[in-house]
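The sequence shown maps to residues 144 to 314 in the numbering used here. No residue lacks a Cβ here, since even glycine has one placed at the ideal position from N, Cα and C. A short write-up of the structure that comes next.
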Amino acid sequence: MPPVVIVLLALALVFDFLNGLHDSSNIVATMISSRAFRPQTALTITALAEFSGPFLFGVAVAKTIGDEVVHAQALSMQVLIAALVGAICWNVITWLLGLPSSSSHALVGGIVGAVLMGAGFEAIKLSGLEKVLIALLTSPLIGFVVGYFLTRLIFFLASGATPRINVFFKR
144 MPPVVIVLLA LALVFDFLNG LHDSSNIVAT MISSRAFRPQ TALTITALAE FSGPFLFGVA
204 VAKTIGDEVV HAQALSMQVL IAALVGAICW NVITWLLGLP SSSSHALVGG IVGAVLMGAG
264 FEAIKLSGLE KVLIALLTSP LIGFVVGYFL TRLIFFLASG ATPRINVFFK R
């Protein structure tokens, strides 16, 4: 196996580890701090969800980023290494500073930045980039709105319940 492939695989593993370190803590923080779940239960649920996500929902997002954001010929090994190094650096910096940040955003930025430097602006597919950026920007808002209304619905459905329901709601 060529050394550049080994470096690329090693960086991909480092990025994936940091993704779990950085983003999974964001997922479990609310469950643990609100005492809705014990830490071990929250971590187990998160691990199962993170692992099963691609199997249940497919890899459409990764495919979109790989196929529709940049031209495939622009993705050399060196460009991919630069993209991963950029995303890894950003994840480490934001983690050390305690800043909330998404590894997905970092990876998209790393890919686009590395392709821009390696192949120029013409290697970027603007329609695909726009599609991904809109999804990255609107998904937190959509999640907030859906979460809010689901919480309201659950409290409405449980409003006539007996006091024993408080065990479920931790009150």
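Euclidean distance between Cα positions of residue i and residue j
i	j	result
Trp-238	Ala-266	31 angstroms
Ala-278	Gln-183	31 angstroms
Gly-263	Asp-159	27 angstroms
Gly-286	Cys-232	27 angstroms
Val-212	Gly-256	12 angstroms
Leu-186	Phe-198	19 angstroms
Leu-276	Ala-304	43 angstroms
Gly-196	Met-174	19 angstroms
Ala-301	Glu-193	29 angstroms
Val-157	Asn-234	11 angstroms
Val-165	His-214	The question names Val, yet the displayed sequence has His at residue 165. Approximately 29 angstroms between the Cα atoms of the pair.
Arg-307	Phe-180	18 angstroms
Leu-240	Arg-295	34 angstroms
Met-144	Lys-274	36 angstroms
Ile-297	Ile-224	46 angstroms
Ser-270	Phe-200	23 angstroms
Ser-167	Phe-299	30 angstroms
Backbone secondary structure at residue i - three-state DSSP
i	result
Val-202	coil
From the options, residue whose alpha carbon lies closest to that of residue i
i	options	result
Gly-209	Ala-226, Leu-199, Phe-200, Ser-195	Ala-226
Pro-243	Asn-162, Leu-152, Asn-169, Met-144	Asn-169
Leu-151	Ser-167, Gly-229, Ala-172	Gly-229
Leu-250	Leu-161, Ala-215, Pro-146	Leu-161
Leu-111	Ala-301, Leu-300, Ala-179, His-248	Shown here, the chain extends from 144 to 314; a query on residue 111 therefore has no answer.
Ser-246	Val-148, Leu-154, Gly-163, Ala-192	Gly-163
Leu-154	Gly-253, Pro-283, Arg-178, Phe-200	Gly-253
Q. Which runs of the beta strand (DSSP E) fall wholly inside the segment 239–281 and span at least 3 residues, in chain order?
A. Correct list: empty.
Q. If we count Cβ pairs, one from each stretch, closer than 8 angstroms, do we get three or more for the segment 198–205 versus the segment 215–222?
A. Output reads no: the segment 215–222 does not touch the segment 198–205.
Q: Tell me, please, whether the segment 277–291 touches the segment 253–260 by the rule of three or more beta-carbon pairs shorter than 8 angstroms.
A: The segment 277–291, when compared against the segment 253–260, does not touch it at the 8 angstroms Cβ threshold.
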